[in-house]
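Chemist:
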Amino acid sequence: YHREEHGSADDPMTRMMRLRDDTVAADVNAAVGHAQSLPEIDGDRLGITGYCMGGRVTYLMAAKSDAFKAAVDCWGGNCLVAWGDGPAPFDLTGDISCPVLGLFGEDDLAPAPTEVAKIDAEMTRLGVEHEFQSYAGAGHGFMNEGRPSYREEATRDAWRRTIDWFNRYLVA
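Residue 433 is where the sequence shown starts when you use our numbering, and the numbers rise one by one after that.
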């Protein structure tokens, strides 16, 4: 994780908990700036997606950057708490500047269905364009073939929804 030395003795969760929203956002913005500088990239049609921690980053960046025209949050958890001194991604929901597709497992605990429902209600209340899909019998990481939680049918549907979402908002 973020700026850790190769071979760090800390486990991945310990390293992840040292991440701070402001430095993660700065890194993503640097990557966006680089992508927008490339002649083969249409910088006006960028999307963002992430899984687990990356889903949280997707939610955060949908609110902190207007560079993205579409976002897909795949079971991003811990959106109700800040990493660092700033506001939590949830507290920035009103700043989201692009449509958000959320893909979740009903058996997941991070985010739990209650957290997903709270985020859905807040996006609806604030008029944030979004679509959430929760899959019955699916837990955390249900799209990862290497995990016991893998669910083939949910994965196929989630990939279809992701591609359709990006086609709808990013393809000219």
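Glycine included, every Cβ here is placed at the ideal spot set by N, Cα and C. Source: prediction; values computed, not measured.
What do you reckon, are the CB atoms on residue 500 and residue 480 nearer than 8 Å?
Modeler: For the purposes of this step, residue 500 is taken as residue 68 along the sequence shown, with counting starting at 1. For the purposes of this step, residue 480 is taken as residue 48 along the sequence shown, with counting starting at 1. Closer than 8 Å, so yes.
Chemist: Helix, strand or coil for residue 607? Go by DSSP, reduced to three states.
Modeler: Only positions 433 to 604 of the chain appear in the structure, and residue 607 is not among them; the question remains open.
Chemist: Return yes when the Cβ of residue 553 is within less than 8 Å of the Cβ of residue 530, no when it is not.
Modeler: In the sequence shown, the residue the question calls residue 530 occupies position 98. In the sequence shown, the residue the question calls residue 553 occupies position 121. Not closer than 8 Å, so no.
Chemist: Using only alpha-carbon positions, find the residue among 592, 444, 448, 600 that is nearest to residue 516.
Modeler: Numbered from 1 along the sequence shown, position 84 holds the residue referred to as residue 516. Minimum Cα distance to residue 516 is reached at 448.
Chemist: Spell out the partners DSSP gives residue 480 in its beta bridges.
Modeler: Translated into the one-based positions of the sequence shown, residue 480 becomes position 48. DSSP output for residue 480 lists 503 as bridge partner(s).
Chemist: Spell out a yes or no on whether the stretch 520-527 and the stretch 537-545 are touching, meaning 3 or more CB-CB pairs, one atom from each, closer than 8 Å.
Modeler: no
Chemist: With a Cβ-Cβ cutoff of 8 Å, do residue 560 and residue 528 count as a contact?
Modeler: Residue 560 sits at position 128 when you count from the first residue of the sequence shown. Residue 528 sits at position 96 when you count from the first residue of the sequence shown. Contact: yes.
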